[in-house]
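There are 2 protein chains.
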Amino acid sequence: MKTFSMNQLERYPAYLKYFKELRDQGVEYVSSPRIGAKLGYSEEQVRKDLQCVSVSAGRPKRGRSVEQLIEDLETFLGYRDVSGAIVIGVGHLGGALMNFPSFNEMGLEILAGFDVSPSLIGQKIGGKEVYDYKRLHDLMPKLNAHIAIICVPASIAQSVVDSAVCCGAKGIWNFAPTHLDVPEGVVVETVDLASSLAVLSHRMNEANAKKR
Amino acid sequence: MKTFSMNQLERYPAYLKYFKELRDQGVEYVSSPRIGAKLGYSEEQVRKDLQCVSVSAGRPKRGRSVEQLIEDLETFLGYRDVSGAIVIGVGHLGGALMNFPSFNEMGLEILAGFDVSPSLIGQKIGGKEVYDYKRLHDLMPKLNAHIAIICVPASIAQSVVDSAVCCGAKGIWNFAPTHLDVPEGVVVETVDLASSLAVLSHRMNEANAKKR
DNA sequence: GAATTTTCGGTAATGGTTTACCGATACATG
DNA sequence: CATGTATCGGTAAACCATTACCGAAAATTC
Chain A
1009 MKTFSMNQLE
1019 RYPAYLKYFK
1029 ELRDQGVEYV
1039 SSPRIGAKLG
1049 YSEEQVRKDL
1059 QCVSVSAGRP
1069 KRGRSVEQLI
1079 EDLETFLGYR
1089 DVSGAIVIGV
1099 GHLGGALMNF
1109 PSFNEMGLEI
1119 LAGFDVSPSL
1129 IGQKIGGKEV
1139 YDYKRLHDLM
1149 PKLNAHIAII
1159 CVPASIAQSV
1169 VDSAVCCGAK
1179 GIWNFAPTHL
1189 DVPEGVVVET
1199 VDLASSLAVL
1209 SHRMNEANAK
1219 KR
Chain B
1009 MKTFSMNQLE
1019 RYPAYLKYFK
1029 ELRDQGVEYV
1039 SSPRIGAKLG
1049 YSEEQVRKDL
1059 QCVSVSAGRP
1069 KRGRSVEQLI
1079 EDLETFLGYR
1089 DVSGAIVIGV
1099 GHLGGALMNF
1109 PSFNEMGLEI
1119 LAGFDVSPSL
1129 IGQKIGGKEV
1139 YDYKRLHDLM
1149 PKLNAHIAII
1159 CVPASIAQSV
1169 VDSAVCCGAK
1179 GIWNFAPTHL
1189 DVPEGVVVET
1199 VDLASSLAVL
1209 SHRMNEANAK
1219 KR
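Written out as structure tokens, the structure is:
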């Protein structure tokens, strides 16, 4: 197995999803050009991406085994070892994530939510209990959760993260629009809607300018 | 103004957010090293990033004018011209986006939602009406919405996007976990949670492996 | 007002990612 | 069984992004 870049890593889930579709359709083999056409990548890029994660080689004129690719990618992405996570901040977004059905397929299990709002504490959202945020120190270690999903306002996100790290969080999935500092050994991944929107707007302007 | 990359574009919203915080604190000037320390970038990168969007030069020993930076970035990011958008699929996620308060600050105005569920049609979510999806062709042009925010299941996302494009959508903000094909002149930006999670998991594994 | 410090802008070097190309190989076809 | 074609893996080139460096300039200090 070769080395791979962050960009490649970001593409792998899309490959896996497509391969599962193919499997459901009964397709046994798939070629790089076909994959590229479907997902919007060049065939060279597809080949290079898959070479990094695939144990077996592709066969000329046929392509690669769909079943094998799925196995390789699931193993590579860690979808077969489940990590426990908690959601901190069960507002609209936090609640939506707790209701998200497909995290389980990705090796992520949301175990519980935490919030300060009395109207939420004790409720079940997406089948998981919402606990009082005060009980984080007590419950997070017991739940054996290593990922904290941060859905609180930006203004308090840093202090919430500090608490989560203190309770044993090794990964922070940050949905608050702010940069977070964490100690060595803890990882932060931020989902930044503002960035995504900036890219969309910019490309829309570009497309519009080109037209004229 | 120089050329800039997509990566830089993604960083600009974070800069802007920080500069607004500084303004609220009454800070008038800010230097690149200070910005970098706060946001986790190198000072060289900050300088290069800001040189691309800033009209005025920074001053040695002082830095750049916070007020000027905010103006430059807001103009550059298009936060001063508002685009109308609609949400298609008012489930947990779509509803959360309709309730999101800060899109207005980013030049995005959500005008309405569309869904097929009778229990949602006619409701108000985040102060905006939810209409029957059947009325998309009728209403989308009247609303003058150019962005469609896709929050439907992946299986129907492509057909929904085709309809939205047909109704005049020039930009697609895609929250469905699937690749979408659109005609020339239309832009798609996908928010891919699976990718983000893959990066988080991978970096957690790396951090964990390093520790030993 | 001279010396020191901080930050600046610009350019060069580095590192990383994507694209392009090429000979080899397995399958399909006649 | 020979020929043609689609796809493969690998390597080289091109492209883009980040990092490092340096002389200059504005503010501060003495």
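Chains as they are written, first to last, in the working numbering: chain A, 1009 to 1220; chain B, 1009 to 1220. Ideal Cβ positions, reconstructed from N, Cα and C, are used throughout, including at glycine.
Val1194/A beta carbon near the ligand ZN (any heavy atom closer than 6 Å): Of ligands this structure carries none, so the ligand ZN is not represented either.
Three CB pairs or more closer than 8 Å across the stretch 1105–1124 of chain B and the stretch 1075–1090 of chain B: yes
At least three beta-carbon pairs within less than 8 Å, the stretch 1124–1133 of chain A to the stretch 1059–1076 of chain A: no
Short-range partners of chain A found in the stretch 1200–1217 of chain B, where Cβ spacing is below 9 Å: Asp1200, Leu1201, Ala1202, Ser1203, Ser1204, Leu1205, Ala1206, Val1207, Leu1208, Ser1209, His1210, Arg1211, Met1212, Asn1213, Glu1214, Ala1215 and Asn1216
Leu1105/A versus Gln1059/A: straight-line alpha-carbon distance, rounded: 33 Å
Three-state secondary structure assigned by DSSP to Tyr1139/B: strand
Among Lys1010/A, Gly1034/A, Ile1157/A and Val1074/A, nearest to Ile1118/A - alpha-carbon criterion: Ile1157/A
4 or more residues per run - each alpha helix (DSSP H) lying fully within the stretch 1190–1219 of chain A: 1201–1219
Contact belief for Arg1031/A with Ile1078/A at Cβ below 8 Å, rounded distance in angstroms: 6 Å
Endpoints, alpha helix (DSSP H) assigned at Gly1102/A: His1100 to Asn1107
Contact belief for Val1195/A with Leu1205/B at Cβ below 8 Å, rounded distance in angstroms: Incorrect: roughly 12 Å between the Cβ atoms, too far for contact.
Rounded C-alpha distance that separates Ser1073/B from Met1148/B: 41 Å
Short CB-CB distance (under 7 Å) between Asn1152/B and chain A: no
Own chain, CB closer than 7 Å to Gly1048/A, minus 5 neighbours either side, in chain order: none
Beta-carbon proximity of Gly1179/B to Ile1155/B, cut-off 7 Å: yes
Secondary structure of Asp1089/A, DSSP reduced to three states: coil
Within chain B, partners of Val1104/A - CB distance below 7 Å: According to the sequence as given, residue 1104/A is Ala; it is not Val. Going along chain B in sequence order, the residues near Ala1104/A (Cβ under 7 Å) are His1100, Leu1101 and Ala1104.
Environment of Ala1217/B [buried if 16+ CB atoms lie within 10 Å]: exposed
Backbone CA spacing between Gly1071/B and Val1035/B [nearest angstrom]: 11 Å
Identity of the residue in Ser1167/B, Gly1097/B and Ala1162/B nearest Ala1022/A by Cα: Ala1162/B
Beta carbon proximity, Gly1005/B to chain A, threshold 7 Å: Outside the displayed range of chain B (1009 to 1220) lies residue 1005/B, so it cannot be described from this structure.
Bridge-paired residues (DSSP) for Lys1132/B: Glu1137/B
Cβ separation of Pro1185/A and Ala1202/A, assumed to be a contact under 8 Å, to the nearest whole Å: 6 Å
Closer than 7 Å to chain B by CB, Lys1132/A: no
Coil, strand or helix - Arg1070/B by DSSP: coil
Chain B contact residues for Asn1107/A, given Cβ-Cβ distances below 9 Å: Gly1099, His1100 and Leu1101
Distance, Val1098/B Cα to Gly1092/A Cα: 28 Å
Cβ-Cβ distance between Asn1152/A and Gly1134/A below 7 Å: no
Pair within 7 Å by beta-carbon distance, Gly1130/B and Ala1215/A: no
Alpha helix (DSSP H) segment containing Leu1151/A, residue limits: Leu1144 to Leu1151
Under 8 Å by beta carbon: chain A residues contacting Glu1197/B: Ser1204, Leu1205, Val1207, Leu1208 and Arg1211
C-beta neighbour in chain B for Glu1113/A, strict 7 Å: no
Alpha carbon of Asp1057/A to alpha carbon of Lys1028/A, nearest angstrom: 17 Å
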